[in-house]
Amino acid sequence: MGASTYTAKVKRVCCIGAGYVGGPSGAVIANKNPTVQITIVDLNSERIQAWNSDTLPVYEPGLARLVKTARDGIPGVRKPNLFFSTQVDKAIAEADLVFIGVNTPTKTRGLGAGRASDLGWLESATRRIAKAAERDLIVVEKSTVPCRTAASIREILIANGKPGVNFEVLSNPEFLAEGTAIKNLLNPDRLLIGCLQTDAGWAAARQLAELYATWVPRERIVTMNLWSSELAKLAANAMLAQRISSINAISAICEATGANVNEVSYACGLDSRIGPKMLQASVGFGGSCFKKDVLNLVYIAESLNLPEVAAYWESVVQVNEYQRSRFTKRIVTCLHNTLNGKKIAVLGFAYKKDTGDTRESTAITVVNNLLAENAQISIYDPKVTESQIMRDLGENNDLEALKSSVKVHTNPYDACDDAHAVVILTEWDMFSNKTPAVVSLETPKNSGLGLQLQLPPTPLSSVADEERSRSANDSNNHDNGSQCSRSSSSSPADSSPGYFAHAASPSAGKADGCSLVVLSPNEAKQPTSPFLWTRPSSPLIVDDELPSRLDWSRIAAAMQRPSYVFDGRNIIDASNLEKLGLRVEAVGVASSWKVEAASV
1 MGASTYTAKV
11 KRVCCIGAGY
21 VGGPSGAVIA
31 NKNPTVQITI
41 VDLNSERIQA
51 WNSDTLPVYE
61 PGLARLVKTA
71 RDGIPGVRKP
81 NLFFSTQVDK
91 AIAEADLVFI
101 GVNTPTKTRG
111 LGAGRASDLG
121 WLESATRRIA
131 KAAERDLIVV
141 EKSTVPCRTA
151 ASIREILIAN
161 GKPGVNFEVL
171 SNPEFLAEGT
181 AIKNLLNPDR
191 LLIGCLQTDA
201 GWAAARQLAE
211 LYATWVPRER
221 IVTMNLWSSE
231 LAKLAANAML
241 AQRISSINAI
251 SAICEATGAN
261 VNEVSYACGL
271 DSRIGPKMLQ
281 ASVGFGGSCF
291 KKDVLNLVYI
301 AESLNLPEVA
311 AYWESVVQVN
321 EYQRSRFTKR
331 IVTCLHNTLN
341 GKKIAVLGFA
351 YKKDTGDTRE
361 STAITVVNNL
371 LAENAQISIY
381 DPKVTESQIM
391 RDLGENNDLE
401 ALKSSVKVHT
411 NPYDACDDAH
421 AVVILTEWDM
431 FSNKTPAVVS
441 LETPKNSGLG
451 LQLQLPPTPL
461 SSVADEERSR
471 SANDSNNHDN
481 GSQCSRSSSS
491 SPADSSPGYF
501 AHAASPSAGK
511 ADGCSLVVLS
521 PNEAKQPTSP
531 FLWTRPSSPL
541 IVDDELPSRL
551 DWSRIAAAMQ
561 RPSYVFDGRN
571 IIDASNLEKL
581 GLRVEAVGVA
591 SSWKVEAASV
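Using the UniProt record's numbering, you'd call the opening residue of the sequence shown number 1 and step up by one each time.
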């Protein structure tokens, strides 16, 4: 098959799945490409119905406005070009390019259970594409998958496709983070496109690159071979999880020695080789990706007979589980080694702030541990529904017993009323009592023993306001080619005569199979969208408004004595709460109230 097969501009895109990635990705791509039709399909009719309503099934700051703009259009400015449908076969048949972004969870049974990825939904989607495709098609693998999965996709497509229909498979892993998905999509660090090192592969990659180049600077769009692209996603998530487990391991030492993990992580982050990101000690990481992807890497290493490599990466997950159990033990110990009948208020159930996603949430593990101690649990989260919370906890508990031990509140003060302890498990800004501050190295406090740095608090800004101010301009600015060409003079591939650094030859202008996608300044047009055969979830609030910050003095006045706050996300200024009579226990920080009590 020649490269000429994939020279026509992509006009119709089908995104299989309408989940946490597919919805936001499709909304951004459609907004940036008003002349390209983006159709997101899913077998879950309730979810599709929610996407077509004003009550979206996914919460992300700034998402609702983007969906409304592309889905409903703007009279006199732009027509609707974002569609949500259950007509999967029709959308595939009409598409020039199809994204596969179905869920690839960890297997629960059979070979590799607990480690390997379950690719059942991915294979099902691939077979459906092969059956429905009516013309040559670019198939883009968005799901996080084991290395060389694209070869299986290609084999299935060729074996089951209609005569005369050709397929080219690309890898285009997504690196967005829930809670900041819109920001990540609008301003990605990089976009990877993996392709076969053939003329047809490069041609297909170029079509995908053109879709993204409407808003992504061309030097951030990187092509490489298929297998490198697939493995890069697993490796990136594993390394991010590794950083979290590393600082959490240090936090245990800090608590035992009197060191402050916030100061230690700040000092480490000043090293340019390390950097400050992902060094926030906490009760542990959650979400659908980190644990799953690390264990997938473990399984790959085991399959390749690399036991030392497998053990190394498995320790990342083991430290995470240890951190959760260690945090629970600290709660029990502080509350006189018994939680029987005591009310524990849990603030936050989502795995991180600015999302309603509870998959692999630390809160599930900690609450289950507290229930095992016969505690009475009251829960508040501004974006997670009661039905979702009870569904998550019901997986390991008797439903009737659960109803008598767990209460979900829509008001945080009701949740905390008469509680023996408050446990913060999600870093929602409304729970923090810290105020914005800037670290000044020029005028630090001096304790007499050296400089005393004032550590920056958790950032409080939201991408929602940024998107509101930006969306009006984006709606009328359909040709963003100038954004791509602004830095073109400094691009290392500008000396190449072609659009790709490797256009003349698959091996030209690249090292080890990688190269920059270099589009001409006039070619910046159209991107595309993704994915996800989804699990059920409850609809969430549409707007971006969150409740105001908690009045901790009101909470302190209504609690049992002694009153405890267990800060699992290190978002609390302990000194201020201790003035209210609260005893604060933070991750990686020795308890100052214990020192004071011992000196009395």
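Cβ coordinates follow ideal geometry from the N, Cα and C atoms, glycine included.
Quick caveat, the model's predicted, so the values are computed rather than measured.
- Task: Can you have a look at E134 and say buried or exposed, based on whether 16 or more other CB atoms are within 10 angstroms of its CB?
- Result: Here residue 134 corresponds to residue number 134 of the sequence shown, with the count starting at 1. Exposed is the call here.
- Query: Mind checking if Y351 is an interface residue toward chain B, Cβ cutoff 7 Å exclusive?
  - Reply: Absent from the structure: chain B. Only one protein chain is present.
- Message: Give me the residue from S117, V139, A116 with the minimum Cα distance to R127.
- Response: Taking the sequence shown and counting its residues from 1, the one referred to as residue 127 is at position 127. Ranking S117, V139, A116 by Cα distance to R127 puts V139 first.
- Query: Is the beta carbon of V309 within less than 6 Å of some heavy atom of the ligand MG?
  - Reply: Annotation note on the ligand MG: not contained in the displayed structure, which lists no ligands.
- Message: Using 7 Å as the threshold, is the C-beta distance between A18 and R47 below it?
- Response: Taking the first residue of the sequence shown as 1, we reach residue 18 at position 18. Taking the first residue of the sequence shown as 1, we reach residue 47 at position 47. A contact, by the Cβ cut-off of 7 Å.
- Message: So for R470, helix, strand or coil by DSSP?
- Response: Residue numbering aside, residue 470 sits at position 470 when the sequence shown is read from its first letter. The predicted model places R470 with a pLDDT of 43, which falls under 50 and marks its position as unreliable; any figure quoted below should be read in that light. DSSP places R470 in helix when its eight states are reduced to three.
- Message: What would DSSP say about F84, mapped onto helix, strand or coil?
- Response: If you number the sequence shown from 1, residue 84 lands on position 84. DSSP places F84 in strand when its eight states are reduced to three.
- What whole-angstrom Cβ distance do I571 and S432 have, given they're in contact under 8 Å? Counted from its first residue, the sequence shown places residue 571 at position 571. Counted from its first residue, the sequence shown places residue 432 at position 432. Right, their Cβ atoms sit about 4 Å apart.
- Query: Looking at C-beta atoms only, is the number of pairs between the region 213-233 and the region 265-283 that lie closer than 8 Å three or more?
  - Reply: no
- Going by DSSP, which residues form a beta bridge with V264? To locate residue 264, count along the sequence shown from 1; it is residue 264. The partner list for V264 (beta bridge, DSSP) is empty, contrary to what the question assumes.
- Query: Of all the options K233, L546, N31, D417, which has the alpha carbon lying nearest to the alpha carbon of L186?
  - Reply: The residue you call residue 186 lines up with position 186 of the sequence shown. For the residues K233, L546, N31, D417, the minimum Cα distance to L186 belongs to N31.
- Task: State the Cα-Cα distance for the pair L582 and A419, rounded to the nearest angstrom.
- Result: Counted from its first residue, the sequence shown places residue 582 at position 582. Counted from its first residue, the sequence shown places residue 419 at position 419. Going from the Cα of L582 to the Cα of A419 covers about 12 Å.
- Message: Quick check on A421: does DSSP put it in helix, strand or coil?
- Response: For the purposes of this step, residue 421 is identified with residue 421 of the sequence shown, where counting begins at 1. Strand at A421.
- Message: According to DSSP, is L516 part of a helix, a strand, or is it coil?
- Response: Taking the first residue of the sequence shown as 1, we reach residue 516 at position 516. With a pLDDT of only 44 at L516, under the threshold of 50, the placement of this residue in the model should not be trusted; the figure read from the coordinates follows. Strand.
- Count the other CB atoms within 10 Å of the CB of N411; is the residue buried (16 or more) or exposed (fewer)? Reading the sequence shown from its first residue, position 411 is the one you call residue 411. Label assigned to N411: exposed.
- Query: For A150 versus V165, is the C-beta distance shorter than 7 Å?
  - Reply: Reading the sequence shown from its first residue, position 150 is the one you call residue 150. Reading the sequence shown from its first residue, position 165 is the one you call residue 165. Their beta carbons are not under 7 Å apart, which means A150 does not touch V165 by this criterion.
- Item | Identified DSSP bridge partners for H409 | Translated into the one-based positions of the sequence shown, residue 409 becomes position 409. Beta-bridge partners of H409 (DSSP): Y380.
- Item | Candidates L577, A574, L393, P24, of which the one nearest G179 by Cα | Start at 1 with the first residue of the sequence shown, and residue 179 comes out as number 179. Per the Cα distances, P24.
- Query: Are the beta-carbon atoms of V406 and I364 separated by less than 7 Å?
  - Reply: One-based indexing of the sequence shown puts residue 406 at position 406. One-based indexing of the sequence shown puts residue 364 at position 364. No, the Cβ-Cβ distance between V406 and I364 is not below 7 Å.
- Three or more C-beta pairs closer than 8 Å, one from the region 293-304 and one from the region 102-118: is that the case here? yes
- Report the partner residues of D567 according to the DSSP bridge assignment. Position 567 of the sequence shown holds residue 567. Beta-bridge pairing links D567 to I424, A586.
- Residue range of the unbroken alpha helix (DSSP H) whose run includes Q323: What you label residue 323 is simply residue 323 of the sequence shown in a count that begins at 1. That run of the alpha helix (DSSP H) goes 307-334.
- Query: Measuring CA to CA, which of A557, K90, C334, P146 is closest to I38?
  - Reply: Position 38 of the sequence shown holds residue 38. Nearest C-alpha to I38: K90.
- In angstroms with no decimal places, state the Cα-to-Cα distance between P173 and K233. Here residue 173 refers to the residue found at position 173 of the sequence shown. Here residue 233 refers to the residue found at position 233 of the sequence shown. Approximately 6 Å between the Cα atoms of the pair.
- What does a CB cutoff of less than 6 Å around G258 pick up in its chain, not counting 5 residues either side in sequence? Taking the sequence shown and counting its residues from 1, one reaches residue 258 at position 258. Counting only Cβ-Cβ distances below 6 Å, and skipping sequence neighbours, we find A590.
- Message: Taking its Cβ as the centre, do 16 or more other Cβ atoms sit within 10 Å of T55, making it buried, or is it exposed?
- Response: Along the sequence shown, read from residue 1 onward, the residue named residue 55 stands at position 55. Classified as exposed, T55 has fewer than 16 neighbouring CB atoms from the shown chains inside 10 Å of its CB.
- Message: Between which two residues does the beta strand (DSSP E) holding S171 run?
- Response: Position 171 of the sequence shown holds residue 171. Looking at the DSSP string, the run of the beta strand (DSSP E) that includes S171 is 167-171.
- Query: Can you tell which of D42, G76, K162 has the C-alpha that lies nearest to the C-alpha of L137?
  - Reply: Within the sequence shown, residue 137 is the residue found at index 137, counting from 1. Nearest option by C-alpha distance: K162.
- Within the region 94-166, note down every full alpha helix (DSSP H) run reaching 4 residues or more, in order along the chain. The qualifying runs are 120-132, 149-160.
- Determine, using beta carbons only, whether V384 and T355 come nearer to each other than 7 Å. Against the sequence shown, residue 384 aligns to sequence position 384. Against the sequence shown, residue 355 aligns to sequence position 355. Contact flag unset, no.
- Task: Can you tell me which of the three DSSP states R71 falls into?
- Result: Position 71 of the sequence shown, counting from 1, holds the residue named residue 71. In this structure, R71 counts as helix in the three-state DSSP scheme.
- Message: Measuring only the C-alpha atoms, how far is K79 from R71?
- Response: Translated into positions along the sequence shown, residue 79 becomes position 79. Translated into positions along the sequence shown, residue 71 becomes position 71. So the two alpha carbons sit approximately 9 Å from each other.
- Just the Cα atoms here: how many angstroms apart are V283 and R330? For this step, residue 283 is matched to residue 283 along the sequence shown. For this step, residue 330 is matched to residue 330 along the sequence shown. Computed Cα separation, rounded: 11 Å.
- Residues bridged to T435 [DSSP beta-bridge criterion]: For the purposes of this step, residue 435 is identified with residue 435 of the sequence shown, where counting begins at 1. Paired residue(s): none; T435 is not in a bridge.
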